[in-house]
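Visitor: Right, I'll just put the structure down here and ask away after.
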Amino acid sequence: MVISTLLLSVPLLLIVYFGFFAVHTYAYSVAAFFKKPIPTVAPRPDARVAVVIVSFNERAVIADTVAACAQLTFPNKTVIVGDDSTDPETIALLRGLATAHGCAGPTPVRYNGNDVELWESDGFVLFHRAENTGFKAGNLKALEGYLHERGFDYMYLLDADWRPQADAVERCLSVIEAAPDIAYVQTTRLYHHGRGEHFQRCLAISEEACYLVDLPGRQRLDHMILFTGCCALFNLRALSRVGGFRAGHLTEDIDLSNRFYLAGFRGVFLEDVTNIGEVPPNYKAFRRQQQRWATGSARTFREYFRPVLRSSLGLVTKLSLLRQNAYYTVALGIELALLWSVLTALVAVAGSALGWAVPAPDEVLRPVGVPLAIGALIALFSGVPPLVVHAIKKREWVNLLYIPAACWIALSVVHTYAIANIKGFRNVAQSWFVTPKTNRQKQNVRVAPARRIRALNVATLVAVVGASVAAGQGGAGPMLLLVLVPYALMWIPSLIIGALTS
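1 is the number of the first residue of the sequence shown in UniProt numbering; add one for each residue after it.
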């Protein structure tokens with residue numbers, strides 16, 4: 001009885017933990033089908049808008065993004081490239097763009113303690129820092145001083161590979177000017193991939209589900225709306241009120257979202273405005289990107305857990321903020337679940353061999369029976385409904401065939417997530433990783449392999465396969481098989497991907 005209780009206690013606690021995230025995911029998947037009307041007003045034609053493109057050695061994409069921004073139909077705009085490039089060819093390209101746009105310069109100036117090379121014209125600005133101090137957030141923090149000095153009202157923020165919809169600015173202005181507590185309007189990000197680029201399609205399906213399922217669901221249910229890093233319009237007065245961007249943060253988007261909500265502001269999601277960008281070109285780049293996101297998210301969770309709980313925000317907003325901040329911590333729970341599964345199998349096998357009075361797995365499961373098994377499966381497969389809804393909303397039915405692979409790829413970086421979480425909780429200093437951009441061209445982009453992660457995936461794969469075989473040979477009953485078979489189908493392919501490609 002004692003052993004059965006111990007063997008069940010951890011899975012039950014994990015199901016409650018995973019269930020917290022799963023409930024939100026299922027709710028958003030349903031709510032995404034029901035649009036909530038967004039109040040709008042006629043945008044002020046005299047509003048001054050800075051269209052800011054953040055760049056760091058992204059020679060392949062920056063010129064085309066500048067050209068796309070020049071096509072934005074809102075007249076009172078200035079395209080500003082906030083550049084931290086150290087690559088001489090990229091710097092020369094940007095200086096050439098500045099000259100072509102009639103900029104005067106360069107003028108050496110200082111903003112927020114940063115030396116800046118400034119090129120200016122009426123419609124285009126090159127704001128070049130000599131170093132990537134404070135990462136992307138440091139770039140934007142320096143730019144804030146310039147935007148304030150020049151009297152801009154709003155900033156439409158883009159990363160270097162994102163091409164905005166032509167009327168994006170006025171569409172966002174009509175929303176953000178409708179209420180004084182709206183600090184930002186997040187728009188939809190969709191991803192380019194070639195017809196035969198199956199890996200990129202899998203990544204695009206997972207990422208786009210955020211914009212076609214998760215954020216629309218939040219909007220419908222009045223949950224917090226996340227600023228996702230780019231493709232958003234900011235009220236610069238609200239940005240100043242919360243202290244602006246924090247230089248050095250790896251996930252400046254989640255950090256800023258928390259500060260906006262804690263200060264009484266909110267975000268709005270505008271699904272009908274789209275921007276087109278790129279997914280990572282290969283698995284290694286994808287893994288490094290996810291590592292940065294998970295590290296920064298863990299730091300945010302640690303910093304804002306108590307402030308969110310102690311705030312005067314409503315319960316629904318608090319829970320959705322906590323869920324967002326804790327999103328990547330699920331990896332730690334998954335690691336515990338994997339470890340516990342292997343240990344349970346070892347206890348059963350070793351106990352039988354040594355003649356211990358170890359209960360069979362089906363005996364352990366019998367007290368809670370079917371509800372536990374169903375709960376485990378619902379939590380395990382909670383990532384699937386958003387991908388199905390994504391395919392339905394886009395009417396790209398072939399994407400349904402890619403869902404298993406998309407799930408396996410997402411789960412294959414669980415060790416990366418877990419280690420990144422630990423580093424984030426400990427606030428270990430991290431370097432910045434720029435996701436390589438290819439300007440929609442298929443290229444062989446080299447990213448250093450993660451040999452330790454690969455070895456860890458191999459070891460975990462051996463352990464999971466061994467535990468599954470041991471459980472099967474131990475006379476697995478129907479209760480155990482109900483959990484074991486889907487568990488193995490989910491994890492073994494994921495670990496193979498991680499072992500071969502990390």
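Virtual Cβ for every residue (Gly too), placed ideally from N, Cα, C. Just so you know, these numbers come straight off a predicted model, no measurement behind them.
Under the assumption that Pro-120 contacts Cys-103 (Cβ atoms under 8 Å), give the Cβ distance between them as a whole number of angstroms.
Guide: Looking at the sequence provided, one finds Glu at residue 120 rather than Pro. 6 Å between Cβ atoms; contact.
Visitor: Helix, strand or coil for Phe-152, going by three-state DSSP, please let me know.
Guide: Of the three classes helix, strand and coil, the one that applies to Phe-152 here is coil, per DSSP.
Visitor: May I have a chain-ordered list of the alpha helix (DSSP H) segments no shorter than 4 residues that lie completely inside the stretch 120-170?
Guide: Complete alpha helix (DSSP H) runs here, min 4: 135-149.
Visitor: Residues in its own chain within less than 7 Å of Gly-105 by CB, not counting five upstream and five downstream?
Guide: For Gly-105, where only same-chain residues beyond five positions count, the Cβ hits under 7 Å are Ala-98, Leu-118, Trp-119, Glu-120.
Visitor: In angstroms, rounded to a whole number, what distance separates the CA positions of Lys-423 and Gly-123?
Guide: Roughly 42 Å between the two C-alpha positions.
Visitor: Give, in chain order, every unbroken run of the alpha helix (DSSP H) that is at least 4 residues long and sits entirely within the stretch 276-344.
Guide: The qualifying runs are 283-310, 315-325.
Visitor: Among all the DSSP beta bridges, which residues are the ones paired with Ala-50?
Guide: Thr-78, Met-155, per the DSSP bridge assignment.
Visitor: Terminal residues of the continuous beta strand (DSSP E) containing Arg-246?
Guide: That residue, Arg-246, is in no beta strand (DSSP E); it is neither H nor E in DSSP.
Visitor: Mind checking which residues open and close the alpha helix (DSSP H) that includes Gln-186?
Guide: Here Gln-186 belongs to no alpha helix (DSSP H); instead the beta strand (DSSP E) covers 182-192.
Visitor: Can you tell me which of Pro-39, Glu-252, Tyr-17 puts its alpha carbon nearest to the alpha carbon of Phe-269?
Guide: Of the candidates Pro-39, Glu-252, Tyr-17, the one whose C-alpha sits nearest the C-alpha of Phe-269 is Pro-39.
Visitor: Looking only at its own chain, which residues have a Cβ that is under 6 Å from the Cβ of Glu-58, when we skip the five neighbours before and after it?
Guide: So the list reads Ala-160, Lys-437, once near-sequence residues are dropped.
Visitor: Could you say which of Ala-326, Gly-296, Trp-340, Ile-15 lies nearest to Arg-306 if we only look at CA atoms?
Guide: Residue Ala-326 is the option with its Cα nearest to Arg-306.
Visitor: Kindly indicate which three-state DSSP category Asn-457 falls into: helix, strand or coil?
Guide: In this structure, Asn-457 counts as helix in the three-state DSSP scheme.
Visitor: With DSSP collapsed to three states, give me the class of Ser-494.
Guide: In the structure shown, Ser-494 sits in a helix (DSSP, three-state: H, G or I).
Visitor: Using the Cα positions of Ile-409 and Ser-206, report the straight-line distance between them to the nearest angstrom.
Guide: Their backbone Cα atoms lie some 10 Å apart in a straight line.
Visitor: Can you give the Cα-Cα distance for Glu-335 and Ala-47, rounded to whole angstroms?
Guide: So the two alpha carbons sit approximately 50 Å from each other.
Visitor: For Met-1, is the classification buried or exposed, using 16 other Cβ atoms within 10 angstroms of its Cβ as the cut-off for buried?
Guide: With a pLDDT of 48 at Met-1, under the threshold of 50, the predicted position of this residue should be treated as unreliable, and no value is reported.
Visitor: Check the DSSP bridge columns for Val-23 and list the partner residues they point to.
Guide: Answer is none; Val-23 lacks a bridge partner.
Visitor: Leaving aside the five residues before and after Pro-281 along the sequence, list all residues of the same chain whose C-beta is less than 7 Å from its C-beta, in chain order.
Guide: Counting only Cβ-Cβ distances below 7 Å, and skipping sequence neighbours, we find Pro-436, Thr-438, Gln-443, Val-445.
Visitor: Is DSSP giving Arg-59 helix, strand or coil here?
Guide: It is coil, neither helix nor strand.
Visitor: Is the CB-CB distance between Leu-321 and Asn-258 below 8 Å?
Guide: Yes, they are a contact pair.
Visitor: How many angstroms separate the CA atom of Leu-93 from the CA atom of Val-434?
Guide: Spanning the two alpha carbons is a distance of roughly 19 Å.
Visitor: So the candidates are Phe-21, Ala-168, Phe-74, Arg-426; which of them puts its Cα closest to the Cα of Ile-276?
Guide: Ile-276 has its Cα closest to that of Ala-168, out of Phe-21, Ala-168, Phe-74, Arg-426.
Visitor: Give the DSSP bridge partners of Thr-107, in chain order.
Guide: Per DSSP, Leu-118.
Visitor: Since Phe-127 contacts Gly-82 with CB under 8 Å, what's their CB separation in whole angstroms?
Guide: Yes, Phe-127 and Gly-82 are in contact; Cβ-Cβ is about 5 Å, under 8 Å.
Visitor: If you count every other CB in all the chains shown that lies within 10 Å of the CB of Asp-181, and 16 or more means buried, which is it?
Guide: By the 10 Å Cβ count, Asp-181 comes out exposed.
Visitor: Among Ser-29, Leu-212, Leu-173, whose alpha-carbon lies nearest the alpha-carbon of Ala-50?
Guide: Selected option, being the one with the closest Cα: Leu-173.
Visitor: Who are Leu-270's beta bridge partners in DSSP?
Guide: Paired residue(s): Thr-187.
Visitor: Should Pro-108 be labelled buried (16 or more other beta-carbon atoms within 10 Å of its own) or exposed?
Guide: Looking at its Cβ environment, which holds fewer than 16 other Cβ atoms inside 10 Å, Pro-108 is exposed.
Visitor: If you compare alpha carbons, which of Gly-333, Val-465, Ala-391 is closest to Val-414?
Guide: Of Gly-333, Val-465, Ala-391, the residue nearest in Cα terms is Gly-333.
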